[in-house]
């Protein structure tokens, strides 16, 4: 693998070498290598770009890595990945997309990820988005995530956009059955003239289902962010939506957490805050000998950790 | 040695100008444990902030070991080994106690060293090392971590702004011991802003600040008795009960 590839794979999927276990690496619009294991089978879709990932019931302590990298300018793709997580499985899924655009054309990856999480199954999903490159071409990522959770399923999602993505529109929907539990942690940093929008609809349909959505973001320079998470309680359920943003320079942030209840035993809470870095925090770190810029970086890194 | 020469600090708004510090001349010697005390609003914290560089004097100069530091930034003064424990320390989302102490120290602190600082301020170290310094901690806990962060630094001048505020009685005795120990080990100066009798008593020297001026200054044995007498007169309660 070339240096750029290795660097991108490390940035988006913490991969230092070819992972053990199941994986599929997609580069510049096509699958370049994949590996199935006894319990996790990855198949190329026949009718459209993308893969099906079948995780056998009861599979424990295994992981799947499915990073995507784009290193050529002007690539635009729409990819469909479906995850079928069998009952009682407990697995980790690492996705992510990195674009290195050194040309003047737009590079765009639109990924549609559908999760079917079986009864009592547990997954942890980590997705990192990252862009770089000396070109003027835009890096665009538009992920769609659909989550279907059966009885007592558990799903933890960490969705991170580190830097370098010029435009992103994220659409997330989840449907939770009885006792299902969903935790979404969204971390986002925008700079330059970047634009990021995140729409989310979490339907708590089953009795005693619960969801926690935490969104932390930092908007720098002239960038713009819009958050629109919605939690809908259709049964006895609990949900907590929290949006917390640091605003800097000439950035703009809109945060619109929406909660709605269609059942009298639905308990749903939302919190939202936008503010600049607290001056006392900066001063405190300066009294440790950090410069103002270093202090700012420490505060942002901590906030987005 | 820190020296304030003709230092004034004024704040103005449309209506008036307030003189927070009024032409103060002050020397704080090396190796001394100095307590600054006096009524609320008298300018004690401002003196500490002027020394650390958080506020800049409107007139006058500040010297540190004969170097004029008046125009140096907070960061530059921190690098000269001057440190300041906030009266109301800020909280940091996502930053753990260990990370904060490591930032104070200047490099990643080994667990056992971190633990010893926390123990010194009366916190059970294992419980706190990986906790975030955010709103999940009580005011007293944040305050003690603040003191631990000063201990984690290699300082020549350590300034503490009302370290006793928000600290419970049990931890307070431990804190007194810690200050005594720090004062003993420290080659340079410790400056504590305090109203607490037990802290004032262990100082080498007391400076009384009121209305932006030095009202009194001297060795603890001398000033402390004077202070008690003064409060009697001002207050006029003592001795009147039952009459």
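Chains as they are written, first to last, in the numbering used here: chain P, 3 to 307; chain S, 86 to 328.
In this text, a Cβ means the ideal position worked out from N, Cα and C, and glycines have one as well.
It should be emphasised that the depicted structure is a prediction, and the values quoted were computed from it without experimental measurement.
For residue 177/P, the enclosing beta strand (DSSP E) begins and ends at 169-178. Between residue 274/P and residue 259/P, the beta carbon gap of about 5 Å places them in contact (Cβ cut-off 8 Å). Going by DSSP, residue 110/S is part of the beta strand (DSSP E) stretching over 102-113. Contacts between residue 300/P and chain S, judged by CB atoms closer than 9 Å, involve 177, 180, 184, 188 in chain order. When only Cα atoms are considered, residue 302/S and residue 308/S end up about 7 Å apart. Chain order gives the chain P residues near residue 169/S as 289, where near means a beta carbon separation below 8 Å.
Its Cα nearest to that of residue 54/P, the residue 82/P stands out among 28/P, 82/P, 72/P.
Using a CB distance below 7 Å, the part of the segment 145-163 of chain S facing chain P consists of 159, 160, 163, ordered along the chain. In the same chain as residue 189/S, and ignoring 5 residues on each side of it, the C-beta atoms closer than 7 Å to its own belong to 234, 237, 238, in chain order.
Under the three-state reduction of DSSP output, residue 48/P falls in the coil class, being neither helix nor strand. In the structure shown, residue 301/S falls within a strand segment according to DSSP collapsed to helix, strand and coil. Against chain S, a Cβ distance below 7 Å from residue 285/P picks out 139, 159. Scanning its chain for C-beta atoms nearer than 6 Å, with the 5 sequence neighbours on each side dropped, one finds around residue 146/P the residues 114, 173, in chain order.
Interface criterion not met: the Cβ of residue 210/S is under 9 Å from no Cβ in chain P.
If you draw a 10 Å sphere on the C-beta of residue 283/S, you find fewer than 16 other C-beta atoms in it, and that means exposed. By the neighbour-count criterion, in which 16 or more other beta carbons inside 10 Å mark a residue as buried, residue 195/S falls on the exposed side.
Going by DSSP, residue 200/P is part of the beta strand (DSSP E) stretching over 197-206. Scanning the segment 241-269 of chain P for uninterrupted beta strand (DSSP E) segments of 3 residues or longer gives 254-257, 260-263, listed from N- to C-terminal end. In the three-state scheme derived from DSSP, where H, G and I count as helix and E and B as strand, residue 145/S is classed as strand. Taking a contact to require three or more Cβ pairs closer than 8 Å, the segment 261-269 of chain P and the segment 282-295 of chain P do not qualify as touching.
In the same chain as residue 224/P, and ignoring 5 residues on each side of it, the C-beta atoms closer than 6 Å to its own belong to 195, 252, in chain order. The alpha-carbon separation between residue 30/P and residue 186/P amounts to approximately 29 Å. Distance check between residue 298/P and each of 248/P, 85/P, 268/P places 248/P closest, using alpha-carbon atoms only. In this structure, residue 111/S lies away from residue 278/S, with their beta-carbon atoms at least 9 Å apart. Between residue 187/P and chain S, the shortest Cβ-Cβ separation is not below 9 Å.
For residue 231/P, the beta-bridge partners assigned by DSSP are 202/P. Going by C-alpha positions, residue 248/S is about 19 Å away from residue 270/S. At least one CB of chain P lies nearer than 9 Å to the CB of residue 173/S. Rounded to the nearest whole angstrom, the C-alpha separation of residue 216/S and residue 312/S is 42 Å. Where residue 63/P is concerned, there is no enclosing alpha helix (DSSP H), although the beta strand (DSSP E) around it starts and stops at 62-67. Around the beta-carbon of residue 288/P, 16 or more other beta-carbon atoms lie within 10 Å, marking it buried. The three-state reading of DSSP puts residue 160/S in helix, counting H, G and I together. Three or more Cβ pairs drawn from the segment 92-108 of chain P and the segment 65-82 of chain P lie within less than 8 Å of each other, which places the two stretches in contact. In chain order, 247, 249, 255, 257 place their CB closer than 7 Å to the CB of residue 276/P, counting only its own chain and leaving out the 5 sequence neighbours on each side. Put simply, the CB of residue 191/S is near chain P, with a gap under 9 Å to one of its CB atoms. Cβ neighbours of residue 123/S within its own chain (closer than 7 Å, five residues either side excluded): 129, 293, 294, 295, 300.
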